[in-house]
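Engineer: Line order of the protein sequences matches chains A, B and C. If you want the numbering used here, it's the 1-based position in the first sequence plus 1071. Anchor point for the second sequence: position 115 equals 110 in the numbering used here, and the numbering is continuous, going up by one each time. If you want the numbering used here, it's the 1-based position in the third sequence plus 1036. Glycine included, every Cβ here is placed at the ideal spot set by N, Cα and C. Predicted model only: the values in this text are computed from it and were never measured.
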Amino acid sequence: MRKLVVACLALTGCVGAPSVPEQFASASRATVELQTRRYEGARPEDVLPVAVAALQDFGFQVMKSDVAVGLIVAERGLKKSFGEYHSEFWRGYWQSMRNTFTFQWHSRGPNPEKMVGPAGLRAAVSITPAGAGAEVRVTLHRFVSRPTGEPILVWAEEIAEPEVYARFFDLLSQALAREAPKIGVTP
Amino acid sequence: MRRSFERALLICALALAGCAVEMPPDYIAAKPSDAADREMQGRRFDGIEEKQLLDAAVGVLQDLGFTVDVTSVELGFVQGAKEREAKAPDQTLVLLIIAALAASQGSSMPAGQMRQDQTISALLTVRPVREADERSHIVLVSFHNHVRQPLVRTAGPLRDPVIYQSFFELLSKALFLEAHKL
Amino acid sequence: MKRVLAAFLIAFLASCAKPGAGDVLSGGESMLKLRSAQTRSFETADRNRVMRGVVATLQDLGFMVTGADAALGTVSGRKFTADATGQIYELRVTVTVRPRDERQMLVRANAEFNNKPVEDPTAYQNFFTALGRSLFLVAQKAE
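1. With a cut-off of 8 Å, do at least 3 Cβ pairs link the segment 15 to 35 of chain B to the segment 1104 to 1112 of chain C?
2. At what residue ranges does the segment 1198 to 1226 of chain A contain a whole run of the alpha helix (DSSP H), taking only runs of 4 or more?
3. Do A:Val1196 and A:Ala1139 come within 8 Å of each other at the CB atom, strictly closer than that value?
4. With distances taken Cα to Cα, identify the nearest neighbour of A:Ser1244 among A:Val1215, A:Ile1223, A:Ala1205 and A:Leu1211.
5. Between B:Gly54 and A:Ile1143, what straight-line distance do the alpha-carbon atoms span, to the nearest angstrom?
6. Tell me which residue opens and which closes the beta strand (DSSP E) that B:Lys123 is part of.
7. Is there at least one Cβ from chain C nearer than 8 Å to B:Thr149's Cβ?
8. Quick one: which chain C residues come within Cβ less than 7 Å of B:Asp29?
9. Take the Cβ of C:Glu994 as the centre, count every other Cβ of all protein chains shown within 10 Å, and call the residue buried at 16 or more, exposed below.
10. For the candidate residues C:Gly1168, C:Leu1173, C:Ala1178 and C:Gln1176, whose alpha-carbon lies nearest to that of C:Leu1094?
11. Does the beta carbon of A:Ala1246 sit closer than 8 Å to a beta carbon anywhere in chain C?
12. Name, please, each residue of chain B whose Cβ falls closer than 8 Å to the Cβ of C:Asp1137.
13. What residues in the segment 1127 to 1154 of chain A have a beta carbon less than 9 Å from any beta carbon of chain C?
14. Measuring only between beta-carbons, confirm whether C:Leu1171 sits less than 8 Å from chain B.
15. I believe C:Arg1083 touches C:Ala1178 by the beta-carbon criterion, under 8 Å. Please report the beta-carbon distance rounded to the nearest angstrom.
16. For C:Val1174 and A:Trp1165, I'd like the C-alpha separation in whole angstroms.
17. Rounded to a whole number of angstroms, what is the C-alpha to C-alpha distance between A:Glu1232 and A:Ala1101?
18. Quick one: residues in its chain with C-beta nearer than 8 Å to the C-beta of B:Ser131, no 5 flanking neighbours on either side, listed in chain order?
19. Specify the secondary structure class of A:Arg1108 as computed by DSSP and reduced to three states.
20. Closer than 8 Å, CB to CB, is C:Met1122 near chain B or not?
So, in structure tokens, the structure goes:
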């Protein structure tokens, strides 16, 4: 009997343990690795302008920067293809149909504002000294701002596709290699 | 009701997704009318350091209710903005002040420029008149507005000379210096 | 009836298609071409003078300056205009100034019109012409 009580208590302990809300869960190791690259022999202040040039190559507009902290925040518009609009529209349509027929009238499909407002891409690049080199971390977010055009976000998500980060770092490595005689970097 | 409205919005978005407007290439180019604008937007100040000019300009913008967003002493400019939400009738709008100033000089402001729910931005740059002359400067200020009401949407430079004239009067008062026309 | 069914089938298939990384960060040859259209060099070692010229040029062309970093060498500007129908157009531009060698500054501008990158070389040419005029220097092709 006592064993049963202890077991019950132990179980409630498990259930009651506070879990970290999804928004505050720290990024998985895999994600961090995806977003981070280390360049040996490069000083962070030399890498910064090269990172700005790489962002410009991808069409980003610099919004904020701080050389002392080693941070650049940049944004660009993201043109959705016609196919993407269609697929999102119909997905939302099916979701609301499904909700109707399963009597879930209060749950909604994908956020319609997500499709109506102008879409964009935000990049935050931080460059920190690491050993004898510099560590570059980039995070990318897709976002949609208000349909009326104010810079107020209605929806955002982190980009998880590895090939997107790979493309960014490919370009950055090439640019750093080109600058190598000037700043002496070995990626 | 809300659903169907959203659906209508979505269909509009789908219809509009196909057609994007291309920018005309001369949109960035300098235009012949710029010379007249420059006369309106610029004044010369003699016998003063650039830093003092910028400090005074920040003060005048703040007096007019602007929030200064970006300043750079190295690059010699000040950028500020004044937001006005539709539901803030007790706030004094920069144009109300300037309109009062203008009225005292016997001019009246067009009512259309005092709309609510708008952003007015101001950019002020200081340029040397001659190189190596550190006590003579040209101050150029430009005001833009951006109105975002559901039915009235406009954006662009403010072209009323009274606004610029009033601004420079405030600036010369703050500096105890005369503003010379270009 | 058949037509309605067909429409639903298409809709169903479309909803299954998952959008990929697609256009998120694309590059290639057009990027190189665009880079050279966006870049010019100026015969001066004075970086501050070029950056002041950039701010002045942006103002002359009707932009507001939304950010500037003298240490990093970037200036960002933005310009709103409206046509008669009340449609708002937004043009954003980022200009960077970097020393190329001891005698030259490399200026690069990239612009975005209504959330879409500006790819017309003439637009950039016009910007550099105006910048050259304000600096009393001639913009030279960098490559």
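Structural biologist: Reading off the structure:
1. no
2. none
3. What you label residue 1139 of chain A is simply residue 68 of the first sequence in a count that begins at 1. What you label residue 1196 of chain A is simply residue 125 of the first sequence in a count that begins at 1. Taking 8 Å as the cut-off, the beta carbon of A:Ala1139 is found no closer than this to the beta carbon of A:Val1196.
4. Within the first sequence, numbered from 1, the residue matching residue 1244 of chain A stands at position 173. The shortest Cα separation from A:Ser1244 among A:Val1215, A:Ile1223, A:Ala1205 and A:Leu1211 belongs to A:Ala1205.
5. Translated into positions along the second sequence, residue 54 of chain B becomes position 59. Translated into positions along the first sequence, residue 1143 of chain A becomes position 72. Their backbone Cα atoms lie some 30 Å apart in a straight line.
6. Taking the second sequence and counting its residues from 1, the one referred to as residue 123 of chain B is at position 128. Inspection of the sequence shows that residue 123 of chain B is occupied by Pro rather than by Lys. Start and end: Gln113 to Pro123.
7. Along the second sequence, one-based indexing puts residue 149 of chain B at 154. Closer than 8 Å to some Cβ of chain C, the Cβ of B:Thr149 qualifies, so yes.
8. Position 34 of the second sequence, counted from the start, is the residue given in the question as residue 29 of chain B. Simply Asp1096.
9. The requested residue 994 of chain C does not occur in the structure, where chain C is confined to residues 1037 to 1179.
10. Locating residue 1094 of chain C in the third sequence gives position 58, where the first residue counts as 1. Of C:Gly1168, C:Leu1173, C:Ala1178 and C:Gln1176, the residue nearest in Cα terms is C:Gly1168.
11. Looking up residue 1246 of chain A in the first sequence gives position 175. With 8 Å as the cut-off, A:Ala1246 does not count as an interface residue toward chain C.
12. Position 101 of the third sequence, counted from the start, is the residue given in the question as residue 1137 of chain C. Taking a Cβ-Cβ cut-off of 8 Å, C:Asp1137 has no neighbours in chain B, whose nearest Cβ is about 22 Å from it.
13. Gln1127, Asp1128, Phe1129, Gly1130, Phe1131, Gln1132, Val1133, Met1134, Lys1135, Ser1136, Asp1137, Val1138, Ala1139, Ile1143, Ala1145, Glu1146, Arg1147, Gly1148, Leu1149, Lys1150, Lys1151, Ser1152 and Gly1154
14. The count along the third sequence starts at 1 and reaches residue 1171 of chain C at position 135. So no, C:Leu1171 is outside the interface.
15. Within the third sequence, residue 1083 of chain C is the residue found at index 47, counting from 1. Within the third sequence, residue 1178 of chain C is the residue found at index 142, counting from 1. Incorrect: roughly 16 Å between the Cβ atoms, too far for contact.
16. Numbered from its first residue, the third sequence carries residue 1174 of chain C at position 138. Numbered from its first residue, the first sequence carries residue 1165 of chain A at position 94. Roughly 59 Å between the two C-alpha positions.
17. Indexing the first sequence from 1 puts residue 1232 of chain A at position 161. Indexing the first sequence from 1 puts residue 1101 of chain A at position 30. Cα to Cα, A:Glu1232 sits roughly 12 Å from A:Ala1101.
18. The sequence position of residue 131 of chain B within the second sequence is 136, counting from 1. Once the five neighbours on either side are set aside, the close Cβ partners of B:Ser131 are Arg39, Phe40, Asp41, Gly42, Pro123, Val124 and Arg125.
19. On the first sequence, residue 1108 of chain A is found 37 positions in, with the first residue counted as 1. DSSP places A:Arg1108 in strand when its eight states are reduced to three.
20. Start at 1 with the first residue of the third sequence, and residue 1122 of chain C comes out as number 86. A small fix is needed here, since residue 1122 of chain C is Gly in this sequence, not Met. So yes, C:Gly1122 belongs to the interface.
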